[in-house]
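Note sheet for the following structure.
Protein chains in written order, with my numbering: chain A, 1 to 251; chain B, 252 to 451.
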């Protein structure tokens, strides 16, 4: 009995120290939890808001395409000034006309589409690549596929024998792939994130329309610029390639 | 002598005793460290939480305001735009904002000169936005030139020129029906434009 009480008397300070270390451990756990909460709070909401914005942007872009008037020759309005002759129409009307005539989009309409897209995507011009397309619901092919990419024009070798890009420029490709899944199969898996918007339009009377007389799907897909072989000129324009593209010279 | 004796006895009986607080110092140290750690992390978490909440609120307000002002992305006249602007102002948002529409030519020119949209907003005279060379303008139903510009500042809100503000900028494509002078003739056409919105 005497021994026990002596033991407790001698260990008083040690017990207090252990208690405080326990306290420190509990506080450390709480602090770690708080820290992770602070880091992760709002991240999902923010990414959701950004995703809403991307969707808003791309659906607005499709709406603009369907509203705008363009010169019938496909040039920019500022350039129409020089010719003195100005005839304009809805861009959608030009697309419908072309489809009705040849089931293809003419060169002037392609230029008008490129100019319209170029003007609205301008704030993100340096950072995004995109595809604008029209595809049939019932047929397995695109009526129109425009790819806008970035590519290095001017390579240089630096002091440490590394290839360094000196100039990157925007390139437009008009493509006629045989399959309407080329983007999903070849491009999208190699990009970080793709934001897309789709809309339905009827191009002509059902008896003149595609096989089932169904409306076309107009779509826009944008992604952050990536340097992949599938988006380079030599790949996209190669003969027998699944993309079957030609380089569009912007006017 | 009695005092000395007492002190001597005290010293012998309480070996290592360095005062009532001094004796507890080893156990007090972890407690103090724990409390300091807790309050530091707590204040960091609280400020980060508040900051993120403010940012999220700004983003949500921006999304709501932009959806309301652009409607279906077709702006038929400058009067329609300013009507939408006045309706939004009536909602009394807790954020300040500026919205303007730019034409393709102006954006190309601005980018070529290395000028950002925010620089342009900072320079604008909110009472007389037509004085800015960059905003798209049109003739309103009173026959005056009016810029596609909307500005709201809450009571006591900071100016956009204040360097300490946290702002969010967003761009939206819009189609604007406007009169264009081509080779001496005036045409009413729908042009692609860019609506730029800054909220702070």
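Glycine included, each C-beta is placed from N, C-alpha and C at the ideal position.
With a threshold of 16 other beta carbon atoms within 10 Å, residue 352 of chain B meets it and is buried.
At least 9 Å separates the beta-carbon of residue 42 of chain A from that of residue 313 of chain B. Non-local beta-carbon contacts of residue 130 of chain A in its own chain, meaning distances under 6 Å to residues more than five positions away in sequence, involve 148 and 222 in chain order. Around the Cβ of residue 155 of chain A, a 10 Å sphere holds fewer than 16 other Cβ atoms; the residue is exposed.
Within the segment 65 to 118 of chain A, the runs of alpha helix (DSSP H) that reach at least 4 residues and sit entirely inside it are, in chain order, 77 to 83 and 91 to 102.
At a cut-off of 9 Å, the C-beta of residue 131 of chain A has no neighbouring C-beta in chain B. Per DSSP, the unbroken beta strand (DSSP E) holding residue 421 of chain B starts and ends at 419 to 433. By the C-beta criterion, the segment 344 to 363 of chain B is judged not to be in contact with the segment 99 to 114 of chain A, since fewer than 3 inter-stretch pairs fall below 8 Å. Under a 10 Å Cβ-count criterion, residue 55 of chain A is classified as exposed, with fewer than 16 other Cβ atoms of the shown protein chains found around its own Cβ. Beta-bridge partners assigned by DSSP to residue 443 of chain B: B:426. By the Cβ criterion, the segment 15 to 24 of chain A is not in contact with the segment 161 to 168 of chain A, since fewer than three pairs of Cβ atoms, one from each stretch, lie closer than 8 Å. Within 10 angstroms of the beta-carbon of residue 230 of chain A lie 16 or more other beta-carbons, which makes it buried. Close to residue 220 of chain A, with beta-carbon spacing below 9 Å, lies no residue of chain B; the smallest spacing is near 10 Å. Residue pairing from DSSP leaves residue 41 of chain A without any beta-bridge partner. Think of a sphere of 7 Å around the beta carbon of residue 308 of chain B: no beta carbon from chain A falls inside it, the nearest being about 11 Å out. Counting only unbroken stretches of 4 or more residues, the alpha helix (DSSP H) elements lying wholly within the segment 325 to 401 of chain B are 329 to 341, 355 to 363 and 368 to 374, in sequence order.
Residues of the segment 34 to 46 of chain A with a C-beta atom less than 7 Å from some C-beta of chain B are 34, 35, 37, 38, 41, 42, 45 and 46, listed in chain order.
Between the segment 190 to 199 of chain A and the segment 112 to 125 of chain A there are fewer than three C-beta pairs closer than 8 Å, too few to call the two in contact. Under the three-state reduction of DSSP output, residue 437 of chain B falls in the strand class. With its beta carbon at least 9 Å from every one in chain A, residue 349 of chain B lies outside the interface.
The count of Cβ pairs closer than 8 Å, one atom from the segment 171 to 179 of chain A and one from the segment 135 to 153 of chain A, reaches three, so the stretches are in contact. Within 8 Å of the CB of residue 323 of chain B, the CB atoms of chain A belong to 63, in sequence order along the chain. Residue 446 of chain B is positioned such that its CB atom lies no closer than 9 Å to that of residue 420 of chain B.
Scanning its chain for C-beta atoms nearer than 8 Å, with the 5 sequence neighbours on each side dropped, one finds around residue 396 of chain B the residues 381, 388, 389 and 390, in chain order. When Cβ-Cβ separations below 9 Å define contact, residue 369 of chain B makes no contact with chain A. With contacts defined as CB atoms closer than 9 Å, residue 76 of chain A and residue 121 of chain A fail to qualify as a contacting pair.
Counting only the Cα atoms, residue 325 of chain B lies some 7 Å from residue 67 of chain A. Each of A:157, A:178, A:119 and A:233 was checked against the Cα of residue 143 of chain A, and the nearest Cα belongs to A:178. With respect to residue 361 of chain B, residue 379 of chain B sits apart: the two C-beta atoms are not nearer than 9 Å.
Its Cα nearest to that of residue 311 of chain B, the residue B:418 stands out among B:368, B:327 and B:418. The three-state secondary structure of residue 51 of chain A, taken from DSSP, is helix. When Cβ pairs closer than 8 Å are counted between the two stretches, the segment 359 to 374 of chain B is seen not to touch the segment 336 to 344 of chain B, the count staying below three. For residue 282 of chain B, the uninterrupted alpha helix (DSSP H) segment begins and ends at 276 to 321. Under the three-state reduction of DSSP output, residue 135 of chain A falls in the strand class. Looking at the DSSP output, residue 246 of chain A shares a beta bridge with A:174. Beta-bridge annotation (DSSP): residue 197 of chain A is paired with A:220.
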